[in-house]
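With this note's numbering as the guide, the letters of the sequence shown map in order to residues 517 to 794.
Built from N, CA and C at the ideal position, the CB exists for glycine as well.
Keep in mind it's a predicted model, so treat the numbers as computed, not measured.
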Amino acid sequence: DYHTGTQGLQINFINNAPPSRIYEGDNLDISIEVKNKGAYPEGETFQGKLELSGFDPNSIRGSWDGGNSIPTDLEGRSQYNPEGGYEVMTYRDRNGVHVPFDADYYEPRIIVHSCYKYSTVADPVVCIDPDPYSVIEEDKVCNIHDVSLGGGQGAPIAVTRVEEEVGSDQIYFRIYVSNSGSGSVMLPRAYNDCPFDVELEDINKIVAKVKLPYDSSPDCSPKGTSSDPIRLTNGAGYIFCKFNKPASDSAYTTTLNVELDYTYSDSISKQIKIINIK
């Protein structure tokens with residue numbers, strides 16, 4: 517099952533790129549392995565980018581080969597590609613690295629930031645019972661109960677638990693989500709500003725869509741839109757949705773579809789030493 521795990525994009529420095537030690541005037545290559553360890557996208561195009569920080573721009577003056585956008589065909593894990601997509605992106609300085617003010621050495625910590633749009637899709641099986649408290653006993657195929665979802669859905673934001681209740685006219689679901697990855701989550705619209713210019717009002721917020729096969733427009737609080745998203749506090753949050761009861765009088769099992777959309781950002785770093793030989 518490739519819809520498991522709590523990873524999305526994984527980035528790593530390729531060995532010795534950059535090297536730990538380099539000399540004034542030498543060229544510099546920073547090569548990054550980019551792996552899609554999650555289950556998104558499925559049929560859609562990938563949207564992501566890498567950004568660098570942590571060094572004096574007068575010391576290292578390079579550019580990304582082909583730009584800093586991650587290739588749009590970086591596919592997620594699937595039955596045809598269980599390992600997920602893989603790319604190598606390289607930032608090159610062919611002007612020669614420089615030690616500021618002709619000092620003996622310069623030790624910047626190079627930080628590589630990833631920013632990418634991602635989605636989590638969870639399909640927990642739930643019990644739809646229009647009359648769970650009937651005084652007449654009957655042999656039912658299922659009973660109303662809470663559902664715990666462990667191990668993630670192949671994305672850094674995970675649906676962790678679904679609680680269900682039934683009223684006189686409606687069925688209620690409280691759906692819990694958490695940031696199970698190592699990075700930061702923000703609204704999808706924050707992608708262009710990620711990672712340096714993200715507004716505080718966009719951080720720790722997620723867009724959500726919840727539906728049942730017979731009702732795709734429940735009344736949810738929050739609504740799950742960009743203007744009324746799920747808010748995460750200490751990495752966790754929830755959405756509460758009310759569905760109308762189905763036409764059926766008997767209990768049955770079905771799938772509750774939950775789709776979460778967001779921008780995600782993570783980073784890696786490495787300290788290097790630029791030595792000035794005088």
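Using only alpha-carbon positions, find the residue among Asn543, Asp545, Asp589, Ser547 that is nearest to Phe562. Asp589
Among Asp618, Lys727, Ile627, the one whose alpha carbon lies nearest that of Asn773: Lys727
So what's Tyr621 in DSSP terms, helix, strand or just coil? strand
Is it right to say Arg593 is buried, meaning 16 or more other beta carbons lie within 10 angstroms of its own, or is it exposed? buried
Would you call the segment 676-691 and the segment 754-774 in contact, with 3 or more CB pairs under 8 Å? yes
Below 8 Å, how does it come out for the segment 721-740 and the segment 767-787: are there three or more Cβ pairs, yes or no? yes
Output needed for Ser737: all residues of its chain with C-beta closer than 7 Å, excluding positions within five of it in sequence on either side, in chain order. Phe756
Looking at the unbroken beta strand (DSSP E) that takes in Ile755, where does it start and where does it end? 752-760
Could you check the C-alpha separation between Gly521 and Glu540 for me, to the nearest Å? 44 Å
Quick one: what's got a C-beta closer than 8 Å to Leu665's C-beta in the same chain, skipping five residues either side? Ala638, Pro640, Ala674, Val675, Thr676, Arg677, Val678
Helix, strand or coil for Asn597 per DSSP? coil
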